[in-house]
Amino acid sequence: MDNRYEVFCLADRYFYESLDRLPAGADSDAVAETGSVARFETAQREVPAGWRSLRNGDWLHIDPPAGADAYPTQGWKIHVSAGLENAEKVAAKVWDYCVPRHIPFKFVPSPQLLHLRNSKYAGRDTSGKFVTIYPADESRLRVVLQELGELLDGEQGPYILTDLRWREGPLYVRYGAFAKRYCVGEHGTLVPAVEDNEGRLVPDSRTPAFHVPDWVTLPVFLAPELAARNATTVAGLPYRIEKALHFSNGGGVYTGTDTRSGAKVVLKEGRPHAGLASDGADAVARLERERDALRKLSGLGVAPEVRDWFTVGDHRFLVMDFVEGKPLNSFFGLRHPLLTDRPDPAAVADYTRWALRINAGVEAAVAAVHSRGIVFNDLHMFNIMVAPDEETVSLLDFEAAAPGADQGRQIVAHPGFVAPPDRRGFAVDTYALACLRLALFLPVTTLLAIDRAKAAHLADVIAAEFPVPRAFLDEAVAEITGPASSPQPAMATGGLTLPGPAPADREPAAAGRGGDDRGRVPAGGGAGGSAGGADGGGPVPIPAGRGGDARGRVPAGGGRSVDGAVGDGLVAAGAGGTGGGVRRAGAGGGGVVAPAGRERPAGGDGGYLPAEPGEWGGARDAMVGAILASATPGREDRLFPGDITQFSAGGGLGIAHGAAGVLYALAETGAPRYAAGERWLLERTRVLPDGTPLGLYDGLAGVAYVLERLGHPGRALDLIRTLLAENWQRLASDLNGGLAGIGLVLEHLSRTTGETVLRERALEAAGIVAARLAAEPGSAAATRRAGLLRGATGPALLFLRLYEQTGVPALLGHAARALHLDLDSCVHTASGSLEVDEGWRTMPYAGDGSVGIGLVLDDFLALARHGDAPEPATADRFEQARRDIVRAATLRLYAQPGLFAGRAGMVLHLARTTTPGVPEGALAAQIDALGWYGMPYGGGLAFPGNQLMRLSMDLGTGTAGCLLALGAALGDTPARLPFLPPPPVAGP
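Residues 339 to 1326, numbered by this note's numbering, are exactly what the sequence shown covers, in order.
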C-alpha cells in the first residue's frame, strides 16, 4: 500500500483531496463538525501596510515590502516545530518577532493541516515543520536562533528529521532553497533546486536526514549542535539492531537480537509529538497503549510477549518477542488461485478450504483478545501473522488497542477495514472480521470506505468464483451494511458464525482455473498491496465525523439492500469457450465474445451497477455522466478529480491525471463535446504554475497534443514554445515525462501545423535518446525501469513513429534495441506469463509492466514485416514475448481497474493486439470483470483510482481510462491512446 494516499482521504468522502485546496466553509468530511477549515488566530491577522500575505499549498507566506531587504534565493533557513497544543502560541511569537524585523516567514495556517503534517503516515521530510523563517545571511541566522530561541524556550514539537536542532528548543536549521527553482533530477524529472558553487542548479536534497551540500560550510556556531546530534546513538544497548522492517512518521520497527540471550526480538520506536492518530495521541502514547495491551494479553499465545521498555534520547522503544511466520497479506501472491490466466478448479477449492481455516483462526484469536477485555481496533491483513505450520495465527501491532469498556471508536485503521462511526468498542473488531471474510477472496475491500453497499456486490463476485458457503458471505455483508451489532465481546466465533470446511466434492463455479506460486499481488488491493512488503499496510487516521456509511452525495440507486436477491453466481468461460454476444471485427482474440453461460452478479437491471461495462452504449453514457457530474469548473487547480499527482505543480492539467486526459477520452469515445471543460483548460494554460512538468503524460507536451486534437492549435503551439524555451534536452528518455513523449508530440504538431522546426526538434530528441540507449550496458536491466511509460518501450514507440514517417532503417534498429532492453527486465512467472521484474514483485500492467511492452511489440512486428525485416533472432524473441505477455493480460485477478496499473489496460491491449492465438472470450472476460470495481456516482458509473481508496475520473487511474479502454474494445471507431493506433495487420 502506498502511504502517500492516506492524507488525501481526509478532506472528501469520494475523491482524493487536499485540505489546503479547500476554501473556508468547504464541504469536507474532515471538518464536518464545523463546516469550515478552522484557522489559527495568528493566520487571521492583518499584515502591516506594504506587506503581503499569500496562501500557497500548506503554507501562509508573510512577506515584507519589496525592497525593504535584499533576501537571497537560498541559504540557511530556520524551521520551527510545534504541536497542536502550542501551535497558536508559537505562531504568535514568531509573528511578533519577525514582522518588526522585516524577516519573511511562512507557517501552516490551520490545525487540520498541522495535524496531517504530524500524522503517522505523513512525509518524514515535512514532519514537524510548522514555521519556516528566511534569515538574510549567516549573521542574521545566528541572531534569530539566539533571540527567538530564548522566546520559544521550553516549547515542544516533533523532531525535524531533515534539520539540525538548535540547542534543546523547537528551532531547527537546514541549508536549502528560499525561492522556487527547478532542475532535472537524477531520474529525469523536474525537482526543487539550489545553485552550487559553480552556478549550476542541482537538486535540493530533502531526505529525512540532516545534510550539508558539498560546497557549503557549516557555520561555526552550529558545530556544537552537530556534535550533540551525533552523540546520541544506540551503542551500549543490550540489543543488536539488524534490519529495519518499516518506517513511519511515528518511528521505525526493527528486528534484532538480544545479545544477552541470543533471542530474536522486535524493537518498535516511538517519536514524541509525531505520528499523531485522530485523537491526537502521538507515537509514544500509542506505544504505551501497545505495551499495556500486550501485558494484559500475556500468556494467551495470540500476541507477542513484552521484553523491555526504554528510552534513547527522547525516543521510546518497546521490545517484543519476534513472532515466526508470514503476514497474511503475503499469502496472496503465494496462494491466490486467480493470479493466473487458467485458474484450476482444484486449486480454487484448495485455496477456499485454506482461507476458511485461516479465517477461523483469526476469529478465535480476536475472541481470545476480547476475553481479556481488550479491543484490537486495527485488524487487517498486515497485522495477522500466520505461523509456519499455517495452522495457527497471531495478532501484531496493538498500538490502537483499547479497553472494550471504553466503547471508543477507531483512531487508526487500514483503509480496507475502516469501521463506520457507529461501531464502537468490540463492534469495531466484529466489523473488521466481516471485511476479512471478503478480503481473503477478493482483496478490494478498500472500496467499502467509499460505499459500504459495495459489499453485497463483492460477495456475489466471490460466490461466483469460489465454493464459499453462502451464509459465510451473507453474514459478512449483513455486518458491513447493517446497523452496529451488539457491543459485547466476541465469543469463540468472533461474533460471526464460523463455517465448516468447504465440501470436498464441491467444485468452484468457475471452470478452467488453476493456482500458481507467483510472488506478488498487484499493488493497491484492499488486502494490503504487495506481498511481503514490510512497509505496507499502514493505517489511515480517522477524523471526527467520518466513517464508512453512505452520504447523500451517493446517487440514487447506488446500493442494494442487505436482504436483496442473491443469484447463484457466475459461470466463467473456459479458455476456449465460445458463445454469442457482440463481436467487433479486428479485435484481438477474434473480437468481443460474451463468455458462455456467464451470469452477472449485478447489472443494469436494477442491481448495484448503473450499467454493465460490456453494454457499450449504456456504459459509455453512464461513465460520461459520472465524469461530468464530478467536474468543478470553478476550481483553478483541477477540473476533474483524480490521482494525488494532481496536487503537485500543474498536476491538474496533463493527460495522465489532469483535464487534458479526460477531455481526450471523451473525444476518443464519441462523447458530446464538453465546451466548458475546454474553456477551463484554455484558461488554466494562459499562465502556467511554476514547476509544471514538460512531458507527454505528465505535462505541457501532452496538453498541447490534446488542445490541438480538440481544435486549438494556437494554444498548443504557445505551450510548445514554452516547452522548448526550457532545458528540455536534459529530461529523461521516457514516454511519461521525457524525450520520447516530447519527440512524438513535436513530430505530430510539425505535420498538423506546418511548423517544420518542430520536426527538427523531434529528430534531435530521437538522436539524444538513441545515443543514451546505445551507451547503456545490458547489465543495467536489473536496476532500470521497464515498460511503456518509464522504460525503454517509450523510446521504441518514438523510433517506430518516426520510422513510419521517414523510412530510415536505423530507427527500426533503435526500436529493436530499446525493446530488447525492456524484455531483459522481464521474467516468466509460474503461470507462464511474461512480466516486468521489479525485484520484489512482477508487473503485468500497461504503464510500468509487460503489457505496455506488448503494445509496442505488436506495432514493431507489423511495421517490420511491411518494411525492413529484423534479424530472425529478434523476430523470434519478440513473437514469443508478445504471446507470453498476452497471458499476463488475461489473468483472472487484478487488484485495480485503472488503465496504467489495472484491468482496463488489459482490455486495451486485448482489444488492439494482433498476437495470434488469443483465447476466444478473453477480452469479454476482462470487460466483464472490470465491473468488479465499478461504483455508482452522480447517476452514472465510476471507478476507483490508485489504491482504491477514492473514486477517480482521470485517464491513468480512473474512470476516463476505463472509458477509453472500453471504447477501444467496443466503440464503432476504436478509441486509442496517443500514438498507439490499432496496428496494421501483419502480413504472412
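Glycine included, every Cβ here is placed at the ideal spot set by N, Cα and C.
In the three-state DSSP reduction, G514 falls in the strand class (E or B). A Cβ-Cβ distance of about 6 Å is found for the pair D1222 and S1171, placing them in contact under the 8 Å criterion. Under DSSP, no beta-bridge partner is assigned to S1171. Judged by their CB atoms, L1001 and G1015 are nearer to each other than the 7 Å cut-off. The C-alpha of A1109 lies about 37 Å from the C-alpha of Y1232. Here K415 is buried. Its C-beta has 16 or more other C-beta atoms within 10 Å. Between T784 and M1287, the gap from beta carbon to beta carbon is short of 7 Å. Under the three-state reduction of DSSP, E607 is assigned to strand. Beta-bridge pairing by DSSP links D401 to R390. Using a C-beta cut-off of 8 Å, the segment 448-455 makes contact with the segment 412-431, since at least three inter-stretch Cβ pairs fall below that distance. Each residue's CA atom was taken as its position, placing L733 and V603 some 16 Å apart. Per DSSP, reduced to three states, the secondary structure at W647 is strand. Residue pairing by DSSP places I722 opposite L733 in a beta bridge. Counting other Cβ atoms within 10 Å of its Cβ, Q1218 stays below 16 and is therefore classed as exposed. Under the 8 Å Cβ criterion, the segment 537-552 counts as touching the segment 494-509, having at least three qualifying pairs. Along the segment 405-486, the beta strand (DSSP E) occurs as fully enclosed runs of 3 or more residues at 412-418, 443-445 and 469-471, listed in sequence order. In the three-state reduction of the DSSP assignment, Y1141 falls in the helix class. Here DSSP, grouped into helix, strand and coil, assigns L778 to coil. For G1151, the secondary structure class from DSSP, reduced to helix, strand or coil, is helix. When only Cα atoms are considered, K664 and E974 end up about 47 Å apart. Here DSSP, grouped into helix, strand and coil, assigns H674 to coil. In this structure, the alpha-carbon of D735 lies about 12 Å from that of V640. Closest by C-alpha distance to D358, out of F985, A1039, V1025 and L1073, is F985. A702 is positioned such that its CB atom lies no closer than 7 Å to that of D716. Rounded to the nearest angstrom, the gap between the Cα atoms of F1238 and V724 is 33 Å. Taken in chain order, the whole alpha helix (DSSP H) runs of length 4 or more contained in the segment 560-633 are 561-569. By the CB criterion at 7 Å, R578 and G608 fall outside the cutoff. Assignment of E1016 by DSSP, reduced to helix, strand and coil, places it in the helix class.
Rounded to the nearest whole angstrom, the CA to CA distance from F516 to L1193 is 44 Å.
Listed in chain order, the non-local C-beta contacts of L1159 below 6 Å within the same chain comprise A1130, local neighbours out to five positions each way being set aside. Scanning its chain for C-beta atoms nearer than 6 Å, with the 5 sequence neighbours on each side dropped, one finds around L479 the residues W414 and P473, in chain order. DSSP places D659 within a strand segment (E or B) once states are collapsed to three. Our two residues, I1058 and G1092, have alpha carbons roughly 14 Å apart in a direct line. Rounded to whole angstroms, the gap between the alpha carbons of L625 and N721 is 15 Å.
DSSP places M1244 within a helical segment (H, G or I) once states are collapsed to three.
Counting the other Cβ atoms within 10 Å of the Cβ of S477 gives fewer than 16, which makes it exposed.
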